[in-house]
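A.B. asks: For the sequence shown, numbering that gives the first Met the number 0 gives the first residue as 0, with consecutive numbering after it.
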Amino acid sequence: MSKAERTKQFIIEKTAPVFNEKGFSGTSLTDLTKATGLTKGSIYGNFENKDEVALAAFDYNFNRVTNYIKEQILKTDNSIERLLVYPKVYRNFLVIPFLKPGCPILNTSTEADDTHPQLKERATKALLFWKTSIENQIKRGIEREEIKAETNPSEVAIILISLIEGSIMQAKVTGRGTELKVAMSYLEKIIQNLKT
């Protein structure tokens, strides 16, 4: 990795939590210089503008969450156990340091849906990727006869994502995990009911 690439990666890693917590509009150039310890010139010497930094930060945040979940999923081979990783991880998201600011898809979607087309597109693609990953886990489970054959992968994926994102929103707004824990327990029941 060249020095320029290392600097660019450093900027992304340091600003990603700021963008996830404050959003695109709420993040100022001062926030970026404060987070990185670099000057405005150093930041804009590596990125064309704030939009470019924000897009890279979103990708970084999303990949970090995705890789964390994937790591947990790959610890088991059973399809039901793999699906149960989602409520297990998200039940505790308020105590996982890099998840504390919230879900990058949820945070970006609520801000960028009408204001930032590029960020909205990134969030849309991320959501589709997540939905497809869940559907594939369910299809795999059906093929392996671990999940009921009549299960609709798309329906389950939509419900799973909706329960997670809705309960995260409630937890972030109220500052407590009560609703999140209730929703994740309910999601566990839904997943357990998919067993053959």
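Just so you know, even glycine gets a beta-carbon here, dropped at the ideal spot from N, CA and C.
Any idea what DSSP makes of Lys218, helix, strand or coil?
C.D. replies: Beyond the ends of the chain as shown, which are 0 and 195, falls residue 218; an answer cannot be given.
A.B. asks: Measuring alpha carbon to alpha carbon, tell me which of Val88, Ala156, Gln71, Leu118 ends up nearest Phe18.
C.D. replies: Leu118
A.B. asks: Within the continuous alpha helix (DSSP H) that includes Ala34, where are the two ends?
C.D. replies: 28 to 35
A.B. asks: Please say whether Ile11 and Ala53 have beta carbons closer to each other than 8 Å?
C.D. replies: no
A.B. asks: Under three-state DSSP, which class holds Lys130?
C.D. replies: helix
A.B. asks: For Ile95, is the classification buried or exposed, using 16 other Cβ atoms within 10 angstroms of its Cβ as the cut-off for buried?
C.D. replies: exposed
A.B. asks: If you draw a straight line from the alpha carbon of Glu145 to that of Tyr67, how long is it in whole angstroms?
C.D. replies: Cα to Cα, the separation comes out at about 24 Å.
A.B. asks: Is Lys87 helix, strand or coil when you go by DSSP?
C.D. replies: helix
A.B. asks: Go through its chain and collect everything with a Cβ distance to Ile104's Cβ below 6 Å, but skip five positions before and after it.
C.D. replies: So the qualifying residues of the chain are Ala122, Ala125, Leu126.
A.B. asks: Quick one, which of Ser41, Ser78, Thr107 has its alpha-carbon nearest Asp23's?
C.D. replies: The sequence given here has Phe at residue 23, not Asp. The option with the nearest alpha carbon to Phe23 is Thr107.
A.B. asks: Figure out for me which residue from Ser1, Ser132, Arg63, Gly44 has the closest Cα to the Cα of Pro16.
C.D. replies: Selected option, being the one with the closest Cα: Arg63.
A.B. asks: Considering only C-alpha positions, which residue in the set Ser184, Thr14, Lys21, Phe46 is nearest to Glu4?
C.D. replies: Ranking the options by Cα distance to Glu4, first place goes to Phe46.
A.B. asks: Compare the C-alpha of Ala170 against each of Lys21, Asn48, Leu31, Asn91 and name the closest.
C.D. replies: Asn91
A.B. asks: Looking at the secondary structure, which residues open and close the alpha helix (DSSP H) in which Arg63 lies?
C.D. replies: 49 to 72
A.B. asks: With a threshold of 8 Å, are at least 3 pairs of Cβ atoms found where one atom belongs to the segment 158 to 167 and the other to the segment 67 to 77?
C.D. replies: no
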